[in-house]
Structures are given as structure tokens and as C-alpha cells.
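One structure is given below, encoded as C-alpha cells.
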Amino acid sequence: MRRLKTSDRLLAAMVIGSVVLVCCIQLALYAQFRRGHIVTWKQLQQRRFVQFHPRKPAVVSLTGTVWVNIFPSDSFYVELPKTQSPVEKPWMTGQTGPEESIPMPGFTETADTLLVTGGFAATLHRPYVDLSYRNHIPVVNIYGSGFDEIRLLNGQLVLNGSP
13 MRRLKTSDRL LAAMVIGSVV LVCCIQLALY AQFRRGHIVT WKQLQQRRFV
63 QFHPRKPAVV SLTGTVWVNI FPSDSFYVEL PKTQSPVEKP WMTGQTGPEE
113 SIPMPGFTET ADTLLVTGGF AATLHRPYVD LSYRNHIPVV NIYGSGFDEI
163 RLLNGQLVLN GSP
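Letter by letter, the sequence shown follows residues 13 to 175 of the working numbering.
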């Protein structure tokens with residue numbers, strides 16, 4: 013049997029050490045996940061939004077909502093940001109400019125129209141803005157399909173997964 017040189021032993025020890033280190037890190041992360049310290053995307057969405065299930069409208073009117081996502085879905089529902097009290101705005105920490113005083117968005121139903129209203133009154137030109145900006149403004153998610161018309165005033169709309 014051939015004797016290993018010192019450099020070969022060092023290389024083998026480094027490879028084995030790195031494999032053991034990666035395994036230990038993975039086991040520590042799995043333990044944190046099992047204790048509930050790491051949450052899934054679905055759990056995070058449930059913490060941040062409250063769902064409403066109104067009648068499916070033919071027309072969606074968005075007024076003063078800074079960020080609205082419309083996702084295609086077979087069922088219709090609206091997700092609004094969740095807060096503990098009406099004056100609490102957790103996303104507004106350190107925000108300056110016109111976005112500083114944005115009220116909570118809300119919705120109302122009239123006939124075949126869903127009116128989603130926010131308090132933003134300026135014209136908005138920020139397509140494809142970065143995630144840090146979106147984390148500091150109220151986001152509204154609308155799940156549904158087959159709308160006859162979508163109206164937008166003073167806001168931004170993102171259509172996902174649909175032609």
C-alpha cells in the first residue's frame with residue numbers, strides 16, 4: 013500500500029472537513045425549520061394579508077392604489093394588508109415623500125364593479141421597481157380571471173401569468 017504525502021493528507025482533510033461543515037449547517041437549518049423559526053412563503057403571506065371573498069365582478073376599478081397584483085385564478089378573492097389597528101402602518105418605517113402618508117387600501121362593491129381605493133393622489137411612473145420599495149407600500153392582491161374591464165387611476169398594476 014502506498015504511503016500518502018503530507019499534501020495529499022491535507023487535501024483529503026480539507027475535503028472531508030468541508031463536507032462535514034456543510035452537513036452540520038444543513039442539520040442546523042433543518043432544526044430551525046422544525047421549531048418554526050423559518051416560515052414558508054405561504055405562511056408569510058397569511059401573516060401579512062387578510063383575505064376577502066366578495067362576489068366576482070365584471071369590472072375592477074383601482075383608484076389611488078400604489079401597487080396591485082392581479083393573479084389568474086379559478087376562484088375570486090382579494091387580499092389586503094393586515095394590521096392590528098387602523099392607524100398602524102408597519103411598512104411605512106422611514107418612508108419620505110408622497111408615499112409617507114398613504115392610508116390603508118380598502119374595497120367596496122357596487123353592482124358588478126369592485127372598487128379598490130387607496131389614498132395616493134399623484135401620478136405614478138415606477139414600473140418594475142425594486143423589492144425594497146414594494147415592501148414599504150401597501151400591496152393589494154386580486155385573484156380571479158375573466159374581468160370585462162380593469163380601470164386604473166393613480167396607481168400601478170401588475171398582471172401575472174395571463175396573456
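For each residue, glycine too, the CB sits at the ideal point set by N, CA and C.
What you are looking at is a predicted structure, and each value in this text was computed from that prediction instead of being measured.
- Annotation for Gln63: the continuous beta strand (DSSP E) segment containing it runs Phe61 to Phe64.
- Counting only runs that start and end inside the segment 33–62, the alpha helix (DSSP H) elements of at least 4 residues fall at 53–60.
- DSSP lists Leu127 and Arg163 as the beta-bridge partner residues of Ser73.
- As DSSP reads the structure, Phe132 sits in no beta bridge.
- Taking 8 Å as the cut-off, the beta carbon of Pro93 is found closer than this to the beta carbon of Met116.
- Judged by their CB atoms, Thr129 and Gly118 are nearer to each other than the 8 Å cut-off.
- Judged by their CB atoms, Val78 and Phe159 are not nearer to each other than the 8 Å cut-off.
- CA-CA distance, Val71 to Ala123, rounds to 10 Å.
- Each of Ser157, Leu41 and Ile82 was checked against the Cα of Val151, and the nearest Cα belongs to Ile82.
- Going by beta carbons, Gly156 and Phe61 fall outside the 8 Å limit.
- In this structure, DSSP gives Gly29 a helical state, which the three-state scheme calls helix.
- Taking a C-beta distance under 8 Å as the contact criterion, Asn153 and Thr75 do not qualify as a contact pair.
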